[in-house]
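For reference, the structure discussed in these notes is given below.
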Amino acid sequence: MLKNRSIISIADLAEEDINEIFTQADKMLENLNTGQKMNDMSSKILATLFYEPSTRTRLSFESAMERLGGSVISMADSKTSSTSKGETLADTVRIVESYSDIIVIRHPLEGAALLASKFSSKPVINAGDGSGEHPTQTLIDLYTIRRELGSIDGKTITIIGDLKYGRTVHSLLSALSRYNVTVNLVSPESLALPKHVYNEVKGQLNVNTSSSLEKFLADTDILYVTRIQKERFTDKNEYAKLIGSYKITGREAGMIKRGAIIMHPLPRVDEISPDVDNMKTAKYFKQAYYGVPVRMALISMIAGD
Amino acid sequence: MLKNRSIISIADLAEEDINEIFTQADKMLENLNTGQKMNDMSSKILATLFYEPSTRTRLSFESAMERLGGSVISMADSKTSSTSKGETLADTVRIVESYSDIIVIRHPLEGAALLASKFSSKPVINAGDGSGEHPTQTLIDLYTIRRELGSIDGKTITIIGDLKYGRTVHSLLSALSRYNVTVNLVSPESLALPKHVYNEVKGQLNVNTSSSLEKFLADTDILYVTRIQKERFTDKNEYAKLIGSYKITGREAGMIKRGAIIMHPLPRVDEISPDVDNMKTAKYFKQAYYGVPVRMALISMIAGD
Amino acid sequence: MLKNRSIISIADLAEEDINEIFTQADKMLENLNTGQKMNDMSSKILATLFYEPSTRTRLSFESAMERLGGSVISMADSKTSSTSKGETLADTVRIVESYSDIIVIRHPLEGAALLASKFSSKPVINAGDGSGEHPTQTLIDLYTIRRELGSIDGKTITIIGDLKYGRTVHSLLSALSRYNVTVNLVSPESLALPKHVYNEVKGQLNVNTSSSLEKFLADTDILYVTRIQKERFTDKNEYAKLIGSYKITGREAGMIKRGAIIMHPLPRVDEISPDVDNMKTAKYFKQAYYGVPVRMALISMIAGD
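Here it is in structure tokens:
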């Protein structure tokens, strides 16, 4: 039962919680497709507290709440907030909980969402806390795999890009370690998975690493592409060289196993070339689309009647 | 039938489309006046994607959607968006269409709305794309004339101000060329209508040009005033001189034909003096008011059930 | 009867208006507690026009409107508005009234809300106009006292902090002068109550002043703490010294009269130490919470059917 629970980390969710969320998300998706009006959250208010910009995540949560018949109040920009007057996060949360039934928080500092949940009597959903977690992104990733490939168990997932700083990757690996999957990690040396994350998952997952993608493609069920951020490089030439060799084009997409899917948490910059977008294998926009039913399921299970 | 169609240019609308929109707008206006609750768009979501500020236009669309019983998600400021992470407009649109049923876009670059509509499976309304078009403004202009003067045919319209850069003026002229009207164009030499626009409409419209307003006033049914932007002038003295001679005061308003109306797309800065505001002839605030029923009609015809 | 009335100053409200608002607020509070869905404002729109940031106040009004089943349109940041194109407040208000049924305005300049109400045919609520008023804050202060202590008459209120610049304090004193209360004013010399405010209330209130809090604590029913703004001091050492001696800690809270309450309009920075937050005497978060039912009562009485 998720009722009134805060979701700070994907580790907060037992496997049966996740299954229940996915069953609900399936129903939400069906409702969305039939255009059926929902009232699950009518008279309820969701507050979005965004201390750093993330329009896509914010709009996805707000859309989910409104699809459920609920209302939204939004602090989209911390610069126009009481924060600029020196108010602590704890105080802001204790005030905003008076105005709402569920709070979605995004913050540049790791641990901020947990702190918020400690001071709030209303459930809090972590929508990203710095280098920490972004559990609903992970739920959406898992849901996309299950939805598009039928199941997660038995699959081979190749993750490419920035494995060092990528919060999304760390959470996904942690979640995948509950399943029986093979993981291939592809990254330049300088952006390899941190040791502590590697050690945490290697016992539970069958993990292969390489700096080259090609050899994994024929056996890959899910190619999970992540952004390599220019800001990480002091040497811009090194960046330019790297980004080229880690880019997915029609060529790579064509070499992938039949029936496989390509995912990306988005926003995408240069990591996938536009000629891949219309290939059947490209599922990253569908993945974004699944964000709404998954968040609808979560919101209604946590804060519905 | 407008169902599921994008509205990028006023040229996208046939005369019968426009007539149907106006018939619907009349009904919406009646509903607004009686305070009747509408549910035409309940369970539907309108997304506003504003890549440059335009509070008035954004709030007008949002009010229209909410009056119809629908919900809104809003990206009011591109600086707090994924755009700052390098996401393309095409990608943003493909994501936001997952969250909404209809998208209203404002962008500083001409062609942006058309591009958005090409990547979206949901209908897109252009709310201004740089020097391009702003079709709902033109619809509101036409509706105001029809509503206040009974018809558009047979009328004489005098347009004054910046005819060179004024997107609003170009769209309005293009739309007026479908009707049987006389157009007087009044502007300083340096802000005259561009040749290509002039050539486009002169065959279909009876057009007179002058740098002086006075001689037209007695025969004018509609005086359409536009803003002269200070930024257009390198010589601030020249601006100061001009703005004075193109300003509408109670004197000019008093010289206009009996029963005529004064319009302005707003915001107004110095072009109309406040002593005109309370004259019966001043209709620019009413024009803004008509924005809501016209947009309600358009939204419900495009994205309603 | 408050129907269609603008609320610019607490002085606009007769004692019976205030009593009626509080009776309605009690009902709203009961509805909130039972989670009952309300439709008082369905099909109605509240516009928030914020020319300076105040997230807490804005979200409180928006939450109140949504709890009543109504919708919201919001200009949260004047920098992304027509204002930047030179539009006057009068024009903005005349446009926004077309989009909404009630307008909530926050502005850095005293008198702005009154001006807005003069140009609007829809009711306007002042949510703070510079050094002017913030009448709903005062209503919430009074409601909190009545709710937590049963009545306002007969109570002793000690107000501490910045009495010179604190708009909240001036409005509260003005409102309290209608009741039979004793007021103790505690502030550093440099932040004492302005003479004109003192003269206005001293005939109607039993007023004591001091630069030291301690002697009042045992007789205080309500300790009203306000923020001392760093920006007021050119000498930062003087600020540091002051802020220390005017800070409420567990020690001061422990010395207060049994059953007394501590209030603060928030945001709080350093004036109350966090160890007070969990004491039964601390009511400042509850005070923020009461903002919603009080504003629900006001909105529905002004703009409901």
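Chains as they are written, first to last, in our numbering: chain W, 5 to 309; chain V, 5 to 309; chain U, 5 to 309.
Built from N, CA and C at the ideal position, the CB exists for glycine as well.
Bear in mind the structure is a predicted one, so any value in this text is a computation, not a measurement.
Note that the C-beta distance between U:A18 and U:I303 is not below 9 Å. DSSP, reduced to helix, strand and coil, places U:V298 within a helical segment of the structure shown. In this structure, W:E70 sits away from V:S125, with a CB-CB distance that is not shorter than 9 Å.
For W:I77, the enclosing beta strand (DSSP E) has its first and last residue at S75 to M79. Contact check for W:N210 against W:L189 fails: the beta carbons are separated by 9 Å or more. At a cut-off of 9 Å between C-beta atoms, U:G39 counts as an interface residue with respect to chain W.
Under the DSSP assignment, U:T162 falls in the beta strand (DSSP E) whose first and last residues are T160 to I164. Its Cα nearest to that of W:Y293, the residue W:I144 stands out among W:I144, W:T96 and W:P112. Around the beta-carbon of U:P57, 16 or more other beta-carbon atoms lie within 10 Å, marking it buried.
At least 9 Å separates the CB of U:F123 from every CB of chain W.
Per DSSP, the unbroken beta strand (DSSP E) holding U:Y228 starts and ends at I226 to V229. In the structure shown, V:S304 falls within a helical segment according to DSSP collapsed to helix, strand and coil.
Scanning its chain for C-beta atoms nearer than 7 Å, with the 5 sequence neighbours on each side dropped, one finds around V:G165 the residues S191, V229, T230, R231, I232, Y250 and E275, in chain order.
The stretch 10-29 of chain V and the stretch 40-50 of chain W do not touch, with fewer than 3 CB-CB distances between them shorter than 8 Å. Cβ neighbours of W:G136 within its own chain (closer than 6 Å, five residues either side excluded): E114. U:A15 and U:S121 have their alpha carbons spaced roughly 15 Å apart.
Residue pairing by DSSP places U:I109 opposite U:L53 and U:N130 in a beta bridge. Distance from the CA atom of U:F26 to the CA atom of U:V298, rounded to whole angstroms, is 7 Å.
Listed along chain V, the residues sitting closer than 7 Å to U:V100 by beta-carbon distance are L63. For W:I266, the enclosing beta strand (DSSP E) stretches over residues I265 to M267.
Contact of U:L50 with chain W by beta-carbon distance below 7 Å is absent, the smallest such distance being about 12 Å. The alpha-carbon separation between W:H138 and V:V100 amounts to approximately 20 Å.
The beta-bridge partner set that DSSP reports for W:N282 is empty. With contacts defined as CB atoms closer than 9 Å, W:L33 and W:D21 fail to qualify as a contacting pair. Look at U:G248: its C-beta is not under 9 Å from any C-beta on chain W. Among the CB atoms of chain V, one or more fall inside 9 Å of the CB of W:F289.
Within the model, the alpha-carbon separation for V:E24 versus W:P278 is close to 39 Å. As DSSP reads the structure, U:N43 sits in no beta bridge. Residues H138, Q141, T230 and P269 of the same chain have their beta carbon placed closer than 7 Å to that of U:T172, with the five preceding and five following residues left out of the count. In the DSSP assignment, V:T213 forms a beta bridge with V:L189. Interface criterion met: the Cβ of V:A94 is under 9 Å from a Cβ in chain W. Rounded to whole angstroms, the gap between the alpha carbons of U:G263 and U:S155 is 13 Å. For V:I252, the pairing in a beta bridge is given by DSSP as V:I276.
In this structure, U:I265 lies away from U:L180, with their beta-carbon atoms at least 9 Å apart. For U:S181, no alpha helix (DSSP H) encloses it, and the DSSP letter there is neither H nor E. The beta carbon of W:T59 sits closer than 9 Å to some beta carbon of chain V.
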